[in-house]
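What follows is a single structure, written as structure tokens, with notes after it.
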Amino acid sequence: MKKKYLLMAALGAFLASCGGVEPEENKGDLTGIAQRDTMPASAEAAPAPAAPVTVEARIANGKAIYTKTCQACHQENGAGIPNAFPPLAKSDYLNEDVNRAIQIVLHGKTGEVTVNGVTYNSAMPAQTLSHQEVADVLTYVYNSWGNKAQEVTAEMVDAAK
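Under mature numbering (1 follows the signal peptide of the UniProt record, and there is no 0), read the sequence shown as residues -19 to -1, 1 to 142, first letter to last.
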């Protein structure tokens, strides 16, 4: 029984020396606690680096953006609306110049445009999307409906702006 009490006393002394028990003379003084509990900035865990975003994930994000932003005019299947809004599916106009496509999404387009031999004369407003969102939605469009599969990056959008 005496060994048990000695062990508990030793444990108490150990905890007191490790800061587990505040010495009596420091009771009510929070300065020591604040200093002891503050971890130096260099010892803080750095955030884990972001995992690279795959093209597949960007296409999925682009599809969600397309559904909310583009689908009403260009339709779910990219076929557009005859005599009103041009198709994006198998679009010669779209596939001809990616930088032009970026410009249209960023700044809009008015006036005539000929897509797959049909002339359209309507307006597309500039879209209020981040450069990454523009890149993702165009990556989705370029990888859908028989278009020339390619990736559009935020850096391409930055350069085209």
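Where is the CB? At the ideal position from N, CA and C, for every residue including glycine.
Euclidean distance between Cα positions of residue i and residue j
i, j, result
"Thr95", "Phe66", "11 Å"
"Val34", "Asn76", "24 Å"
"Pro89", "Ala38", "Reading off the sequence, residue 89 comes out as Gly, not Pro. If you take the alpha carbons of Gly89 and Ala38, they lie about 26 Å apart."
"Val99", "Val36", "32 Å"
"Leu110", "Leu119", "12 Å"
Residues near residue i in its chain [Cβ-Cβ closer than 7 Å; skip 5 each side]
i, result
"Tyr123", "Lys129, Ala130, Gln131 and Val133"
"Asn58", "Ala70 and Trp126"
First through last residue of the alpha helix (DSSP H) which encompasses residue i
i, result
"Thr120", "His112 to Tyr123"
"Val36", "Val36 to Thr50"
"Val138", "Ala135 to Ala141"
"Glu93", "That residue, Glu93, is in no alpha helix (DSSP H); its beta strand (DSSP E) goes Glu93 to Val96."
"Asn102", "Premise fails: Asn102 lies in the beta strand (DSSP E), Val99 to Asn102, not in any alpha helix (DSSP H)."
"Asp73", "Asp73 to Glu77"
Cutoff 9 Å: residue i Cβ touching any chain B Cβ
i, result
"Ala82", "Looking at the structure shown, chain B is missing, and only one protein chain is on hand."
Spatial neighbours of residue i in its chain, beta-carbon cut-off 6 Å, leaving aside the 5 residues before and after
i, result
"Tyr121", "Ile40, Gly43, Lys44 and Tyr47"
- Do the stretch 41 to 55 and the stretch 77 to 84 make contact, defined as three or more Cβ pairs closer than 8 Å? no
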